[in-house]
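What follows is the structure in structure tokens.
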């Protein structure tokens, strides 16, 4: 293959062969309407967490283009994160955990309605590393315990809300003595969100993970 004179396509060098391939073929940039230069620039803005409005002002692209590009970058990272589980925490680390409902909307509110599903995740306050896992409708104690064991390293100090899968209303049964987590050496504090955002007795909260 040889690069074409305009530098945008590869052409087969064999006599009589007309095979051509765009230089974007099979790459991250395939299917993108942007030039390589613009795509890299927008990727740089996204990676630096610059607001899309600022990137729009600096590049001249429409708000629709910026919204689509930022969403594309997030989707790529989300798929990779779900494909390659990341463990967080460990001795001396606080890990906040939480679940959130994900609502898949129909386009323009037309067409079939999609059921909600649940995303379980956690964040390490020290490193800011986080994990996420789709648990669909299964927020039972066995399922969430399996996710905690999979993603949270032994010896972590876990903070959560009072979802029954984490802790009973009287506090007697919690992550520390959860039989599904035996041997993980977790410590556990929680906050009752029906009364406080921060536990007044010990300062426990889940504000970091809720802001991810």
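Numbering (full-length UniProt numbering), first residue to last: 1 to 212. Built from N, CA and C at the ideal position, the CB exists for glycine as well.
Beta-carbon proximity of residue 208 to residue 125, cut-off 8 angstroms: yes
Reference residue 138, options 180, 58 and 165, closest by Cα: 165
Buried or exposed (CB count within 10 angstroms, at least 16 for buried), residue 197: exposed
At least three beta-carbon pairs within less than 8 angstroms, the segment 145-158 to the segment 185-193: yes
Residue 34 (DSSP reduced to helix, strand or coil): coil
Beta-carbon separation (whole angstroms), residue 117 vs residue 102, contact threshold 8 angstroms: 5 angstroms
Sub-8 angstroms separation of residue 150 and residue 85 beta-carbons: yes
Contained alpha helix (DSSP H) runs [length at least 4] in the UniProt domain "ISXO2-like transposase" (87-212), N- to C-terminal order: 141-151 and 207-210
Sequence-distant residues of its chain with Cβ nearer than 7 angstroms to residue 41 (five each side left out): 59
Beta-carbon proximity list for residue 99, same chain, < 8 angstroms, skipping 5 on both sides: 118, 119, 120, 121, 135, 139, 144 and 163
Closest Cα partner of residue 88 within the set 19, 152 and 172: 152
Residue 80 classed as buried or exposed, judged by whether at least 16 other C-beta atoms fall within 10 angstroms: exposed
For residue 83, the three-state DSSP class (helix, strand or coil): helix
Beta carbon of residue 161 nearer than 8 angstroms to that of residue 190: yes
Exposed unless 16 or more other CB atoms sit within 10 angstroms - verdict on residue 66: buried
Segment limits, alpha helix (DSSP H) that includes residue 54: 52-59
Residue 62 to residue 78 span [Cα, whole Å]: 24 angstroms
From 20, 46 and 174, residue whose alpha carbon lies closest to that of residue 76: 46
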